[in-house]
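Participant: Okay, handing you the structure first.
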């Protein structure tokens with residue numbers, strides 16, 4: 532029995548509201564020995580005040596030392612064990628460009644590549660072809676026609692694009708065609724089970740037609756297919772937690788991830804301010820609100836420490852609008868760390884700040900990496916955050932008599 | 532391999548002694564923002580002194596955010612994974628009134644109910660009939676006779692009583708008869724497997740005879756049956772830990788829980804003072820002593836903050852008698868939190884204080900919720916407390932060469 536099995540049994544009806552603003556990549560590192568992290572450097576008077584009222588902890592996205600991608604990072608936050616629930620690469624890529632996979636579809640991540648005259652791969656990424664060139668090329672593949680199959684082709688970035696194969700009886704157990712090295716021929720897609728044979732056949736036909744269409748291209752004269760994936764089977768929020776959940780996000784990837792767990796997307800915000808507008812406008816209609824703030828992650832990825840500090844301060848400035856709504860439970864956290872120092876996602880635990888009328892206050896005086904590890908929530912796997920949220924919202928019955 | 536599998540292999544013989552006084556519902560909450568918990572408010576000079584010598588931690592009874600009943604709360608403390616070992620409702624209710632289930636018995640929790648003239652349930656709790664009326668009614672059902680079956684009927688409180696069905700070949704996979712709503716007929720008990728058919732037949736016969744006996748009662752003219760449960764199969768303390776264990780408790784429920792894991796009940800104490808008398812008198816005969824102190828929980832359930840503080844101070848006053856016995860390991864903790872603020876069990880971690888000659892001291896200066904989360908034991912699931920106890924008692928061999 533895992534935590535979600537337990538919550539499915541124990542959750543109760545209620546009118547309490549939970550708000551979870553997620554600053555993507557919130558956790559950081561000092562740039563220099565003895566220095567402060569981005570969050571510790573930022574002036575966050577509103578968050579510090581909440582830290583004094585509430586309880587802090589450090590969430591471990593997957594397991595100690597494991598750096599998550601955006602998929603596992605958010606699944607963990609949403610309470611789905613990221614080791615149990617895996618979103619296939621194709622499905623995640625489709626989600627990232629705003630495609631909401633349906634049960635009769637299989638998504639594939641495709642890479643343009645360059646074949647030499649011998650038919651062997653000379654460049655696995657087609658010379659990192661720029662998006663301006665690759666986008667129209669991907670779109671030209673929309674003319675490919677396969678009997679009994681509908682196709683969706685969507686450009687992503689540089690050499691990457693997504694193909695979604697739609698039809699009846701399409702399994703997703705199909706092998707990658709990327710041989711993972713230059714000097715080799717692309718592999719054929721091979722079905723790993725009977726249910727996936729039709730998918731493999733469609734992929735072969737797609738590759739054949741694409742080869743003819745692309746053969747005269749100087750860089751992108753072929754493609755490889757990876758990560759065949761159907762819609763992941765995630766039990767919806769309403770069933771597991773008994774919550775009507777709303778997601779407020781600007782980027783397609785996060786809207787998509789939220790939709791996969793059964794949240795409704797509200798608003799069409801393009802900034803944090805508009806996200807809070809959407810929160811206010813939809814306050815009466817939901818029990819749980821996931822509010823995604825992207826720019827703490829992207830500034831971290833850019834290695835821009837000062838700009839990440841500034842983005843954290845922007846988040847802090849919005850806190851009074853959140854507290855004015857008087858949520859029963861307010862949780863400020865991130866999906867993982869993105870220290871400017873490492874310019875990428877990292878495994879470091881993420882500060883969590885939880886405020887409710889029944890949280891047990893700790894000694895923390897500031898919202899920071901240094902303090903959160905001594906906070907009352909301790910260090911815990913992110914997948915337990917939702918049970919803490921529900922408990923603090925008084926939405927759980929007792930386990931056992 | 533879980534922790535108990537490991538301990539079963541690693542435990543060694545020894546003469547060291549472990550004492551574990553358990554203050555039921557010990558953990559608390561402040562009544563007001565910025566305030567102190569019950570334990571932090573109490574003057575506990577003896578416990579604070581131990582906190583300076585020993586090591587503290589915060590135990591999570593089941594999983595983060597999960598509030599345990601008394602059964603799972605104690606199983607966790609005793610080292611039994613409360614998600615793996617489940618004590619059925621009938622068995623727990625029987626345990627609570629002092630019935631020690633035997634392997635050939637099935638216990639059922641029964642509720643008196645009121646049927647309308649149409650045979651449908653008008654009140655699932657017989658108007659919350661007072662114990663003075665329901666007790667004699669339950670006892671009158673002892674006259675029911677079923678060939679090949681022995682029956683035990685024991686009043687509990689208000690509409691509740693327990694029936695134990697004794698005989699050969701009685702499985703406990705039988706469905707509840709309570710339809711969980713008024714305006715419906717009680718359901719028939721249905722066997723979920725062949726081994727439970729005899730139990731279901733006995734239950735049907737019991738219900739038929741009870742219906743005739745109760746038919747003229749104004750309130751309690753029938754009953755429902757729930758939580759059919761045989762004796763839970765818990766590996767005994769001696770086997771898992773190599774400990775001769777004694778339980779000292781005033782309330783039947785806790786004596787029963789201790790007996791289920793193979794502890795012997797010593798003494799007939801009705802107060803904490805008498806419990807310590809029993810401990811002193813039996814000191815030579817056991818390796819492990821569970822000493823249960825009920826009143827920190829009941830005052831919490833009553834929402835009586837000041838009285839809970841007082842009860843904690845009573846516990847503190849007894850500490851010198853415990854330390855005078857020079858136990859090798861002394862562990863002061865609770866089975867869960869019962870903050871007066873929420874007037875019920877809660878999920879909040881429970882302070883744990885462990886003193887031994889080989890514990891690694893931490894920086895804690897006081898026994899309190901705020902300090903324990905920064906203690907040397909960290910936050911841990913209660914099921915790991917017994918391995919820490921055995922290790923500190925020098926009763927565990929090395930794992931692997």
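Protein chains in written order, with our numbering: chain X, 532 to 932; chain G, 532 to 932.
Yeah, the Cβ is synthetic: ideal placement off N, Cα and C, and Gly gets one too.
1) I need the DSSP call for residue 667 (chain G), collapsed to helix, strand or coil.
2) Need the endpoints of the alpha helix (DSSP H) that residue 813 (chain G) sits in, please.
3) Just how far apart, CA to CA, sit residue 886 (chain G) and residue 573 (chain G)?
4) Quick test of the definition: if touching needs 3 or more C-beta pairs under 8 Å, does the segment 849-860 of chain G touch the segment 575-588 of chain G?
5) How many angstroms separate the CA atom of residue 891 (chain X) from the CA atom of residue 585 (chain X)?
6) Using only CA atoms, which one of G:801, G:726, G:778 and G:782 lies nearest to residue 792 (chain G)?
7) Pull up the DSSP beta-bridge partners for residue 755 (chain G), would you.
8) Just to confirm my understanding: we take residue 646 (chain G), look at its own chain, exclude 5 residues before and 5 after, and list those with CB closer than 7 Å. What are they?
9) Does any C-beta atom of chain X lie closer than 8 Å to the C-beta of residue 909 (chain G)?
10) Interface residues of chain X around residue 916 (chain G) at Cβ under 7 Å?
11) DSSP state of residue 655 (chain G), grouped into three classes?
12) Is it the case that the Cβ atoms of residue 798 (chain G) and residue 809 (chain G) are separated by a distance below 8 Å?
13) Give the single residue among G:876, G:642, G:712 and G:821 whose Cα lies nearest to the Cα of residue 741 (chain G).
14) Only counting the same chain, and skipping five residues up and downstream in sequence, which positions put a Cβ closer than 7 Å to that of residue 540 (chain G)?
15) Take the Cβ of residue 923 (chain X) as the centre, count every other Cβ of all protein chains shown within 10 Å, and call the residue buried at 16 or more, exposed below.
16) What is the DSSP secondary structure of residue 605 (chain X), counted as helix, strand or coil?
17) Output needed for residue 709 (chain G): all residues of its chain with C-beta closer than 6 Å, excluding positions within five of it in sequence on either side, in chain order.
18) Work out the CA separation of residue 877 (chain G) and residue 659 (chain G) for me, nearest whole Å.
19) Between which two residues does the alpha helix (DSSP H) harbouring residue 849 (chain G) extend?
20) State the DSSP-derived secondary structure class of residue 584 (chain G), mapped to helix, strand or coil.
21) Curious, which full-length alpha helix (DSSP H) runs of at least 4 residues does the segment 684-753 of chain G contain?
22) The segment 562-593 of chain X: which residues have C-beta closer than 7 Å to a C-beta of chain G, in chain order?
23) Checking contacts by CB at 8 Å: is residue 596 (chain G) closer than that to chain X?
24) Check distances from the C-beta atoms of the segment 884-910 of chain G to those of chain X and list, in chain order, the residues that come in under 9 Å.
25) Bridge partners of residue 875 (chain G), per DSSP?
26) Per the DSSP calculation, residue 611 (chain G) is bridged to which residue(s)?
27) Exposed or buried, what is residue 727 (chain X) when buried is set at 16 or more other beta-carbons lying within 10 Å of its beta-carbon?
28) By Cβ distance below 6 Å, which residues in the same chain neighbour residue 828 (chain X) in space, the five residues on each side in sequence not counted?
29) If I follow the unbroken alpha helix (DSSP H) through residue 618 (chain G), where does it start and stop?
30) In its own chain, which residues sit with a C-beta less than 7 Å from the C-beta of residue 913 (chain X), not counting the 5 before and 5 after it?
31) Taking Cβ-Cβ distances below 8 Å as the criterion, which residues of the segment 608-624 of chain G are in contact with chain B?
32) Starting from the Cα of residue 683 (chain G), find the closest Cα among G:698, G:690 and G:689 and give me that residue.
33) Could one say the Cβ of residue 791 (chain X) lies closer than 8 Å to chain G's Cβ atoms, at least one of them?
34) To the nearest angstrom, how far is the alpha carbon of residue 842 (chain G) from that of residue 895 (chain X)?
35) Using a Cβ-Cβ cutoff of less than 7 Å, which residues in the same chain neighbour residue 634 (chain X) once the five nearest sequence positions on both sides are dropped?
36) Helix, strand or coil for residue 918 (chain G), going by three-state DSSP, please let me know.
Facilitator: Let's see:
1) helix
2) No alpha helix (DSSP H) contains residue 813 (chain G), which DSSP labels as neither H nor E.
3) 20 Å
4) yes
5) 7 Å
6) G:778
7) G:642
8) 652, 653, 752 and 753
9) yes
10) The premise fails here: residue 916 (chain G) is roughly 16 Å from chain X at the closest Cβ pair, so nothing lies under 7 Å.
11) coil
12) yes
13) G:642
14) none
15) buried
16) helix
17) 755 and 757
18) 26 Å
19) 836-855
20) helix
21) 728-745
22) 584
23) yes
24) 900, 901, 902, 904, 905, 909 and 910
25) BP columns for residue 875 (chain G) are empty, so no partner.
26) Beta-bridge pairing links residue 611 (chain G) to no other residue.
27) buried
28) 555, 556 and 869
29) Run containing residue 618 (chain G): none; DSSP gives neither H nor E here.
30) 590, 591, 592, 607 and 608
31) Checking the listed chains, one finds no chain B in this structure; the protein chains it contains are X and G.
32) G:698
33) no
34) 29 Å
35) 762
36) helix
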